[in-house]
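Engineer: Questions regarding the structure given below will be posed in turn.
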Amino acid sequence: MIPSLRTCRIIFLGLSAVMLAACQENVSYDSTLTIRNTSDIDLTEKPIRIPKAQLETGYRDEQYPVLTTGQNDTVPSQLVDVDGDGNWDELFFLLDVEKSSSTSIGLNWVEHHRNWPERTYVRFGVRPSESDTVRPAIKDTFYPKELPGVMGYQPYQTDGPSWENDKVGFRHYLDGRNSKDVFGKKVSTMSPRNVGINASGVTEDNYHVMEDWGRDILSVGTSVGIGGYSLMIEEQLVRLGVTQRDSANNVAATTFEVVESGPLISLMKYDYQDWTPEETGRTYQVKETTEIWPGMYGYFNSVTFENLQGDETGVIGLVNIHTDKVVQEFEKGGFTVLYTHDRQTYDKEWYLGLALIIPTAVYEGWIEAPHTGQLTDSFLAKVKVEEAKPVKYYAIAAWELANPGFAQEAYFRDYLEELAGELGVEIEMTIK
Numbered sequence: 000m001i002p003s004l005r006t007c008r009i010i011f012l013g014l015s016a017v018m019l020a021a022c023q024e025n026v027s028y029d030s031t032l033t034i035r036n037t038s039d040i041d042l043t044e045k046p047i048r049i050p051k052a053q054l055e056t057g058y059r060d061e062q063y064p065v066l067t068t069g070q071n072d073t074v075p076s077q078l079v080d081v082d083g084d085g086n087w088d089e090l091f092f093l094l095d096v097e098k099s100s101s102t103s104i105g106l107n108w109v110e111h112h113r114n115w116p117e118r119t120y121v122r123f124g125v126r127p128s129e130s131d132t133v134r135p136a137i138k139d140t141f142y143p144k145e146l147p148g149v150m151g152y153q154p155y156q157t158d159g160p161s162w163e164n165d166k167v168g169f170r171h172y173l174d175g176r177n178s179k180d181v182f183g184k185k186v187s188t189m190s191p192r193n194v195g196i197n198a199s200g201v202t203e204d205n206y207h208v209m210e211d212w213g214r215d216i217l218s219v220g221t222s223v224g225i226g227g228y229s230l231m232i233e234e235q236l237v238r239l240g241v242t243q244r245d246s247a248n249n250v251a252a253t254t255f256e257v258v259e260s261g262p263l264i265s266l267m268k269y270d271y272q273d274w275t276p277e278e279t280g281r282t283y284q285v286k287e288t289t290e291i292w293p294g295m296y297g298y299f300n301s302v303t304f305e306n307l308q309g310d311e312t313g314v315i316g317l318v319n320i321h322t323d324k325v326v327q328e329f330e331k332g333g334f335t336v337l338y339t340h341d342r343q344t345y346d347k348e349w350y351l352g353l354a355l356i357i358p359t360a361v362y363e364g365w366i367e368a369p370h371t372g373q374l375t376d377s378f379l380a381k382v383k384v385e386e387a388k389p390v391k392y393y394a395i396a397a398w399e400l401a402n403p404g405f406a407q408e409a410y411f412r413d414y415l416e417e418l419a420g421e422l423g424v425e426i427e428m429t430i431k
């Protein structure tokens, strides 16, 4: 009897399934990573960081990782130089892990580097003198004599480094002010490299007008913006750096470095040397690390203070220039979340949610900064500071043109609760 076409198809499909299963069973990996989520929260693009020391076997320094799921999907990854010495220190990737479940990932090391789509980026350009054009840079030291008001020109593209992911962008005023501003984004791709540079190649404020990608949306003034920080000595509020009207900086030198720039994580370091707040007779050393990865409307920050005397409190800023609403507060996932939601962009044109997500273990309440002085117009989260011990937190900015849902305060709060919950989940991992 000659088998029918239908019978042949069933036999063929059955053999294919067996062969496929056999092939999958025979896949060989240098290592297998098992990631467990024991919480009752689904994790979306959870950052996974594996120190190099835990990957001691199976690789050579000139090789690159390839991560593969059980469904044979490749997981984008990045080797990250955490300390800036030119050698990678950890393997970084993002992974969805459902609640109360585990996921196995195969790891192989290969000779060729794979280029992944750029989902984070750091822009940093320096104009060495008034007669020069802007040049891309990865490191620079800013000295007191270089204040724009003293030199007569702005030495930095976008006033300092700007960093972004697929959701939002930020910039830091490296020109002595040390505030943090927001670039609202309407696209998931990275904004143009030449933002902040005019046709002649020199620095220009050209980002306060709407472009296809977005624009600067936050008025900072003499606050420290969203996520900027300083100290309160007993009851005296002091500023790390100066305002635009000042002619003398209180930091002897500020060294900034781009340690990593994408595709999955960007990392920057700041070293504030000999900060001498006015009328205190004290000198502090301050170090800061900023990171951004995809999927979150915000960035991560870590700050350490040295030479503390014991009567200091850290303060982290949430600018309130364009809102009369009182800051809201709730706890979730081991964090305390402070947030505002209002039409608080330039000219109060759009809704913008701003938030700080701070470990509850170091949070000590909040105060409102005065409307005059060196550090103004902010809700300031008070945090416990200890000698050379990092204070870690997240700063969030959610614009209605990035996601229409953010026009509603309830939607923004729901987002914050979900984000804080996910950030609070610690995954378990085994490597074989």
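Position 304 (the sequence shown) corresponds to 303 in numbering that gives the first Met the number 0; numbering is contiguous. We put the CB at the ideal spot given by N, CA and C, even for glycine.
THR344 to GLU210, Cα distance in whole Å?
Structural biologist: 16 angstroms
Engineer: Relative to the alpha-carbon of ARG214, which residue among THR254, THR202 and VAL167 has its alpha-carbon at the smallest distance?
Structural biologist: VAL167
Engineer: Bridge partners for GLN272 per DSSP, in chain order?
Structural biologist: ALA252
Engineer: Quick check: what's the CA-CA separation for THR253 versus GLY69?
Structural biologist: 47 angstroms
Engineer: With DSSP run on the structure shown, which of helix, strand or coil describes ARG48?
Structural biologist: Taken through DSSP and simplified to helix, strand or coil, ARG48 comes out as strand.
Engineer: Does the distance from the CB of LEU418 to the CB of LEU263 come in under 8 angstroms?
Structural biologist: no
Engineer: At the level of alpha carbons, what is the spacing between VAL361 and SER130?
Structural biologist: 47 angstroms
Engineer: Using the C-alpha atoms, what's the distance from ILE356 back to GLU421?
Structural biologist: 12 angstroms
Engineer: In the DSSP assignment, find the unbroken alpha helix (DSSP H) run with LEU418 in it and report its ends.
Structural biologist: 408–422
Engineer: Measure the C-alpha to C-alpha separation of PHE34 and SER103 and round it to an integer number of angstroms.
Structural biologist: It is worth fixing the name first, because residue 34 is Ile in this sequence and not Phe. Between ILE34 and SER103, the C-alpha separation is close to 6 angstroms.
Engineer: At the level of alpha carbons, what is the spacing between ASP39 and THR312?
Structural biologist: Annotation: ASP39 to THR312 spans about 35 angstroms, alpha carbon to alpha carbon.
Engineer: What residue range is occupied by the uninterrupted alpha helix (DSSP H) comprising PRO147?
Structural biologist: 147–150 is the extent of the alpha helix (DSSP H) around PRO147.
Engineer: Return the first residue and the last residue of the beta strand (DSSP E) that HIS171 is part of.
Structural biologist: 167–171
Engineer: Within 10 angstroms of its Cβ, does SER265 collect 16 or more other Cβ (buried), or is it exposed?
Structural biologist: buried
Engineer: Does the distance from the C-beta atom of VAL219 to that of SER190 stay below 8 angstroms?
Structural biologist: Against a cut-off of 8 angstroms, the Cβ pair of SER190 and VAL219 comes out as no contact.
Engineer: My guess is that ALA406 and GLU416 are in contact by the Cβ rule of under 8 angstroms, so how many angstroms apart are they, rounded?
Structural biologist: About 18 angstroms; that fails the 8 angstroms criterion.
Engineer: Taking SER76 as the reference, which of ARG238, GLU367 and TRP115 has the closest Cα?
Structural biologist: TRP115
Engineer: Going by the beta-carbon positions, is the gap between TRP365 and LEU374 smaller than 8 angstroms?
Structural biologist: no
Engineer: Consult DSSP for TYR206 and reduce its assignment to one of helix, strand or coil.
Structural biologist: coil
Engineer: Here's the rule I'm using: 16 or more other beta-carbon atoms within 10 Å means buried, otherwise exposed. How should SER15 be labelled?
Structural biologist: Below a pLDDT of 50, predicted positions are generally treated as unreliable, and SER15, at 41, falls in that range; no measurement from the model is reported.
Engineer: Tell me, please, whether the stretch 301–318 touches the stretch 191–202 by the rule of three or more beta-carbon pairs shorter than 8 angstroms.
Structural biologist: no
Engineer: Excluding the 5 residues flanking ARG59 on each side, which residues of the same chain have their C-beta closer than 8 angstroms to its C-beta?
Structural biologist: TRP108
Engineer: Taking only three categories from DSSP, how would you classify PRO135?
Structural biologist: strand
Engineer: Using a Cβ-Cβ cutoff of less than 6 angstroms, which residues in the same chain neighbour GLU427 once the five nearest sequence positions on both sides are dropped?
Structural biologist: ARG35
Engineer: Is it right to say VAL17 is buried, meaning 16 or more other beta carbons lie within 10 angstroms of its own, or is it exposed?
Structural biologist: Only weak support is given to the placement of VAL17: the predicted model assigns it a pLDDT of 39, under 50, and the value that follows is read from those uncertain coordinates. Flag for VAL17 reads exposed.
Engineer: Could you pull the start and end residues of the beta strand (DSSP E) that ARG281 belongs to?
Structural biologist: It is not in any beta strand (DSSP E) - ARG281 carries neither H nor E in the DSSP assignment.
Engineer: How is LYS324 classed by DSSP in three states: helix, strand or coil?
Structural biologist: coil
Engineer: May I have a chain-ordered list of the alpha helix (DSSP H) segments no shorter than 4 residues that lie completely inside the stretch 36–92?
Structural biologist: Within the stretch 36–92, complete alpha helix (DSSP H) segments of at least 4 residues are not found at all.
Engineer: By a C-beta neighbour count over all protein chains shown, 10 Å radius and 16 as the cutoff for buried, is ASN86 buried or exposed?
Structural biologist: exposed
Engineer: List the endpoints of the continuous beta strand (DSSP E) containing ALA394.
Structural biologist: Going by DSSP, ALA394 is part of the beta strand (DSSP E) stretching over 390–398.
Engineer: By alpha-carbon positions, which one of ALA394, TYR393, VAL241 and VAL424 ends up nearest to GLU97?
Structural biologist: VAL424
Engineer: Between PRO358 and chain C, is the shortest Cβ-Cβ distance under 8 angstroms, so that the two count as touching?
Structural biologist: The chain labelled as chain C is not found in the depicted structure, where only one protein chain is given.
Engineer: What are the partner residues of GLY213, as DSSP defines its beta bridges?
Structural biologist: LYS184
Engineer: Three-state secondary structure (DSSP) at GLN156?
Structural biologist: helix
Engineer: So PRO358 is in the beta strand (DSSP E); what residue range does that whole segment cover?
Structural biologist: Residue range 351–358 is occupied by the beta strand (DSSP E) that includes PRO358.
Engineer: So ALA396 and LEU351 are supposed to be a Cβ contact under 8 angstroms. How far apart are they, rounded?
Structural biologist: 7 angstroms
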